[in-house]
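Have a look at the structure below before the remarks.
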Amino acid sequence: MNYRHAFHAGNFADCMKHALLVWLLRALAAKEKPFRVLDTHAGIGSYDLGGSEAERTGEWRKGIGRLLDTSGGPLADYVGLVRAAGAPAQYPGSPALIRALLRPQDQLLACELHPEDHATLRARFRGDRQVAIHHRDGYEALKALTPFPEKRGLVLVDPPFEQEGEFDRMAQGIALVGHRFRAGIQACWYPIKHRAPVRAFHAGLKESGVRDLVAAELWLREPTDPQRLNGCGLLVANPPWKFEEEGAAILAALLERLGEGEPGQGWAMTRIAEE
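This is the structure:
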């Protein structure tokens, strides 16, 4: 309950997660049928990059701050949405980006457990009939709010990873949704500090029986320091057609703009389980 994303909004991990999220939402919207999105750890929706929290870390300057001049290529769609949301003064969190891409027939369910952040999020979307805000645990919401009545949509799981056992909870959640809502897309963010927890996470998913899993990863330095966020990943279940190809282009473009040439930096698009 102590984690506040305002210190980290717009950093390289947000850029990676949100650039891929935008692509996934565009893929969903390519079909006319309505879809629903569940954001399990939604935060407050938008962040002040000039505020004391963001200025204290300055992380956004090495993240979205390096991308705002993007005018073409695989990052253009994401960066255009961020600029439209007010960057560099404001950075849109996942609920704001999702809401920007909803069509009139689509819905967003956003969960936030932190009481103050929940109140802020609820106020932000008050009166919006396409958005429902829930004050509840995100993992509990996976069982309570899936499958969707529309029979299509996306589940975004983006916990702060400040508690022990987060990888295990995420794996259990992926298996739960994978078995009860097989048509749904899941996008689950995780940190890469060192490799052992990530290898165990992927191995557990292979044993879970969930099919069609792909891990998109970006790291800015060799992931050997367990005390430092060296990279991050997005585990995608049931990815849309061309995600591996076009997602790879997004990762490569991010590394080109955000990488600082440190030893061991790189990206990978890895299939964890076949269809």
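So for the sequence shown, the numbering used here puts the first residue at 235; every next one is plus one.
For each residue, glycine too, the CB sits at the ideal point set by N, CA and C.
All of these numbers come straight from a predicted model, not from anything done at the bench.
Can you tell me which of the three DSSP states residue i falls into?
i    : result
D340 : coil
T458 : strand
A243 : coil
A449 : strand
R270 : strand
Grab me the residues of residue i's own chain with a C-beta within less than 7 Å of its C-beta, minus the 5 sequence neighbours each way, in chain order.
i    : result
L301 : C249, L309, V313, R491
L331 : H252, L255, V256, L315
G307 : A487
R414 : T380, P381
K377 : L410
R337 : A263
Tell whether a beta-carbon distance below 8 Å holds between residue i and residue j.
i    : j    : result
L388 : I367 : no
S280 : G327 : yes
G244 : D351 : no
A263 : L335 : yes
Nearest CA to the CA of residue i: which residue from the options?
i    : options                : result
P393 : G467, A450, G320, R363 : G467
P322 : T354, L447, L283, A482 : L283
K476 : A247, H242, L258, N245 : L258
K385 : R358, E398, A417       : A417
H369 : R358, A334, E346, S280 : E346
E478 : W501, Q339, A318       : W501
L452 : A430, H348, P473, A483 : A483
T458 : G481, E509, E496       : E496
R228 : A353, R360, H348, P349 : Residue numbering for the chain in the displayed model covers 235 to 509; residue 228 lies beyond these limits and cannot be assessed.
G493 : G297, G320, R356, A319 : G297
Within its chain, find whatever has a CB closer than 6 Å to the CB of residue i; leave out the 5 residues flanking it on each side and keep chain order.
i    : result
R403 : Y373
Q341 : R270, Q364
G498 : R455, E456
F395 : P425
H242 : E293
What whole-angstrom Cβ distance do residue i and residue j have, given they're in contact under 8 Å?
i    : j    : result
A409 : V432 : Not confirmed; about 17 Å, so no contact.
G407 : V391 : 6 Å
Taking only heavy atoms of the ligand FMN into account, decide whether any of them is closer than 7 Å to the Cβ of residue i.
i    : result
A437 : The model depicted lacks the ligand FMN and carries no ligand whatsoever.
Looking only at its chain, what residues have a beta carbon closer than 8 Å to the beta carbon of residue i, apart from the 5 residues adjacent to it on each side?
i    : result
A405 : F435, G438, L439, S442
Within the 8 Å Cβ cut-off, does residue i reach chain C?
i    : result
F415 : Within the model displayed, chain C is absent; a lone protein chain is all it includes.
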